[in-house]
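*Asks:* One gets the working numbering by counting positions in the sequence shown from 1 and adding 22 to each.
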Amino acid sequence: MTEKFSLFHKGLYTDLYELSMAQGYYLNHLHDHKAWFDYFFRRMPCGSGYVIFAGLADLVRALENFRYADEDLNYLSGQGFRKEFLDYLKNFRFTGELIAPREGEVVFNNEPLVTVHASIIEAQLIESLLLNYLNFQSLVATRAARIEHVLRPGQTFMDFGLRRAQGWASYMAARAAVIGGASATSHTDAGRLYGLRVSGTMAHSWVQTFDDELEAFRRYARVYPDRAVLLVDTYDTLRSGVPNAITVAKELEARGHRLQAIRIDSGDMAYLSREARRMLDEAGLDYVKIISSNSLDEFIIRSLNQQGAALDGFGVGTRLVTSYQCPALDGVYKLSVFDGQPRLKISEDVAKISLPGSKKLYRIYDDRGLFYRDAIILDDEKIHKVERIFHPDYEFKNTPIAGLRAEPLRHAVMRDGRLCVDLETDPYRISEYRRERMRHIPPETLRFENPHIYKVGVSRKLFDLRRELIRRHSSF
Numbered sequence: 023m024t025e026k027f028s029l030f031h032k033g034l035y036t037d038l039y040e041l042s043m044a045q046g047y048y049l050n051h052l053h054d055h056k057a058w059f060d061y062f063f064r065r066m067p068c069g070s071g072y073v074i075f076a077g078l079a080d081l082v083r084a085l086e087n088f089r090y091a092d093e094d095l096n097y098l099s100g101q102g103f104r105k106e107f108l109d110y111l112k113n114f115r116f117t118g119e120l121i122a123p124r125e126g127e128v129v130f131n132n133e134p135l136v137t138v139h140a141s142i143i144e145a146q147l148i149e150s151l152l153l154n155y156l157n158f159q160s161l162v163a164t165r166a167a168r169i170e171h172v173l174r175p176g177q178t179f180m181d182f183g184l185r186r187a188q189g190w191a192s193y194m195a196a197r198a199a200v201i202g203g204a205s206a207t208s209h210t211d212a213g214r215l216y217g218l219r220v221s222g223t224m225a226h227s228w229v230q231t232f233d234d235e236l237e238a239f240r241r242y243a244r245v246y247p248d249r250a251v252l253l254v255d256t257y258d259t260l261r262s263g264v265p266n267a268i269t270v271a272k273e274l275e276a277r278g279h280r281l282q283a284i285r286i287d288s289g290d291m292a293y294l295s296r297e298a299r300r301m302l303d304e305a306g307l308d309y310v311k312i313i314s315s316n317s318l319d320e321f322i323i324r325s326l327n328q329q330g331a332a333l334d335g336f337g338v339g340t341r342l343v344t345s346y347q348c349p350a351l352d353g354v355y356k357l358s359v360f361d362g363q364p365r366l367k368i369s370e371d372v373a374k375i376s377l378p379g380s381k382k383l384y385r386i387y388d389d390r391g392l393f394y395r396d397a398i399i400l401d402d403e404k405i406h407k408v409e410r411i412f413h414p415d416y417e418f419k420n421t422p423i424a425g426l427r428a429e430p431l432r433h434a435v436m437r438d439g440r441l442c443v444d445l446e447t448d449p450y451r452i453s454e455y456r457r458e459r460m461r462h463i464p465p466e467t468l469r470f471e472n473p474h475i476y477k478v479g480v481s482r483k484l485f486d487l488r489r490e491l492i493r494r495h496s497s498f
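(1) Of all the options Leu161, Leu111, Glu127, Glu144, which has the alpha carbon lying nearest to the alpha carbon of Cys502?
(2) At 3 residues or longer, and completely inside the segment 423 to 485: list those beta strand (DSSP E) runs for me, N to C.
(3) Considering only residues of the same chain and omitting the five flanking positions on each side of Asp109, which have a CB-CB separation below 7 Å?
(4) Do you know offhand how far Arg324's Cα is from Leu95's?
(5) If I follow the unbroken beta strand (DSSP E) through Phe62, where does it start and stop?
(6) Okay, do the segment 80 to 94 and the segment 401 to 409 touch, 3+ Cβ pairs below 8 Å being the bar?
(7) Between His462, Gly391, Thr467, Val478, which lies nearest to Ile398 when the distance is taken from Cα to Cα?
(8) Looking at C-alpha atoms only, which residue of Ala292, Ala122, Ala44, Ala271 is the closest neighbour of Ile284?
(9) Quick one: residues in its chain with C-beta nearer than 6 Å to the C-beta of Glu320, no 5 flanking neighbours on either side, listed in chain order?
(10) Tell me where the alpha helix (DSSP H) around Thr269 begins and ends.
(11) Spell out whether any CB of chain C is found under 7 Å from the CB atom of Asp60.
(12) Taking all protein chains shown into account, do 16 or more other C-beta atoms lie within 10 angstroms of the C-beta of Leu156, making it buried, or fewer, making it exposed?
(13) Which residues share a DSSP beta bridge with Gln329?
(14) For Met32, which beta-bridge partners are listed by DSSP?
(15) Closest to Glu429 by CA distance: which of Glu458, Ile452, Phe393, His413 is it?
(16) With the cut-off set at 7 Å, would you say Gly306 and Leu153 are in Cβ contact?
(17) Let me know the secondary structure DSSP gives Lys374 once reduced to three states.
(18) In chain order, what residues of the same chain have a beta carbon less than 7 Å from the beta carbon of Ile368, not counting five sequence neighbours either side?
(19) Write down the C-beta distance between Phe239 and Ala276 rounded to the nearest angstrom, noting that I regard them as a contact closer than 8 Å.
(20) Would you list the one or two residues that DSSP bridges to Lys311?
(21) Do Ser295 and Ala332 have their beta-carbon atoms positioned less than 7 Å apart in this structure?
(22) Closer than 6 Å by C-beta to Leu34: which residues in its own chain qualify, once you throw out the five before and the five after it? Chain order, please.
Structure representation (structure tokens):
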């Protein structure tokens, strides 16, 4: 990270109650006691059958730089925090262990994705930051992957969401969009920060600045003869915009250059793109691409392709970076072990009862090489000795996994507060890994309408531990 994100490394990047609990732990002499917290999400976003895990590299950078400066401590003093606790925070560093999947991994609900093993204070103080980074980037990466899934061969899409994003979230949205499959972003500084390709065209204001559209196109092409993309819907797409773009494209050809593309930002995209394609082809400009923008998402792009729209690329903004229809991933962070003893949260809503203990997560493959089940077992278990996994709530729902290939999904990323693996940070390489993993998703899990619910199960030993702790602590 650069100085642009220095505010996200502050120890104050947390909810107040985390600091209140941390002071309580310290004053009760519990600050050195060890805890395990699990990060997971309960529901799939936007009706998706899967989620793309994203945000890990940013989280690691933030944890490495999580500090309390003098100005932070002065502020906390003004909020009534005690001097002895503030003295403890002066030298605060995250020194714990972080266990996580590879960024770009395909993951599912109700499985422990990230586990933090640290002192109770350390684990508590980073909760809000961890949830903020992982929930948002995983959500945007998932939406982007769904867009990529509906593209025809040769089509691409770009992140155009800066102007509609929620402030600084635009940086992480651009990164997550590329992890999910975007080829580029319009966000120039996010491109610099994360090494993303940047892309952009022109706005209607450029065309309006000049007395006529043709002159506007000519002036733009003169400045950018090898990468001009002309916005053709300012006045009349088919009667004015496309004919003028054809004129300029021919003028560029005469000078040894090529018009890169035209962009349509309004109107009936399917009809306009087909007509524009016909006009361009008849003019011998079959190499000029057609790009669409304006409130696009995976559902609209799928519909456009089903209608035979002649589109080569899409600029996707608001509905991607804000995840318009489902603006949050409901990731949570729950204590599973304290002082070596398993813990769980009980709720009248059975689905909200957490999984206790320190755990391992495995992916099970079927004989076609597709994802079949994910198995959660206790740390002291061996996956090859687990013959069957169970629904966490219903014993009669179970699946045999004996003899099937099992792959560990998580590994230690940080130990003693330091990076302990060669962590991939390039969003494009993360996206390549994500793309390869998605080839193993069963097709019924990829569909948009009523996707198959991928099964995540627990070992018999974990099932029994959870049931015993529920019995021990339940009052209903």
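Cβ coordinates follow ideal geometry from the N, Cα and C atoms, glycine included.
*Replies:* On the basis of the coordinates in this document:
(1) The shown model of the chain, from 23 to 498, leaves out residue 502, and the question about it has no answer.
(2) Secondary structure in the segment 423 to 485: the beta strand (DSSP E) runs of 3 residues or longer, each lying completely within the stretch, are 428 to 430, 433 to 437, 478 to 481 in chain order.
(3) When the five nearest sequence neighbours on each side are left out, no beta carbon in the same chain lies closer than 7 Å to the beta carbon of Asp109.
(4) Going from the Cα of Arg324 to the Cα of Leu95 covers about 52 Å.
(5) Unbroken beta strand (DSSP E) run through Phe62: 56 to 63.
(6) With a cut-off of 8 Å, the segment 401 to 409 and the segment 80 to 94 do not count as touching, because too few Cβ pairs lie within range.
(7) Looking at the Cα atoms, Val478 is the closest of the given residues.
(8) For the set Ala292, Ala122, Ala44, Ala271, the Cα lying nearest the Cα of Ile284 is the one of Ala271.
(9) These residues qualify, in order along the chain: Arg168, Ile169, Val172.
(10) According to the DSSP assignment, Thr269 belongs to the alpha helix (DSSP H) that extends over 264 to 276.
(11) Of the chains in the structure shown, none is chain C; there is only one protein chain.
(12) Its Cβ being crowded by 16 or more others within 10 Å, Leu156 is buried.
(13) Answer is none; Gln329 lacks a bridge partner.
(14) Rather than Met, the amino acid found at residue 32 in this sequence is Lys. Bridge partners of Lys32: Arg89.
(15) For Glu429, the closest C-alpha among the options Glu458, Ile452, Phe393, His413 is that of Phe393.
(16) Result no, Cβ atoms of Gly306 and Leu153 do not sit closer than 7 Å.
(17) Secondary structure of Lys374 (DSSP, three-state): helix.
(18) Here the set comprises Ile375, Ile492, His495, Ser496.
(19) About 15 Å; that fails the 8 Å criterion.
(20) In the DSSP output, where bridge partners are listed per residue, Lys311 has Ala283.
(21) Yes, the Cβ-Cβ distance between Ala332 and Ser295 is below 7 Å.
(22) Closer than 6 Å at Cβ, skipping near neighbours: Asp94.
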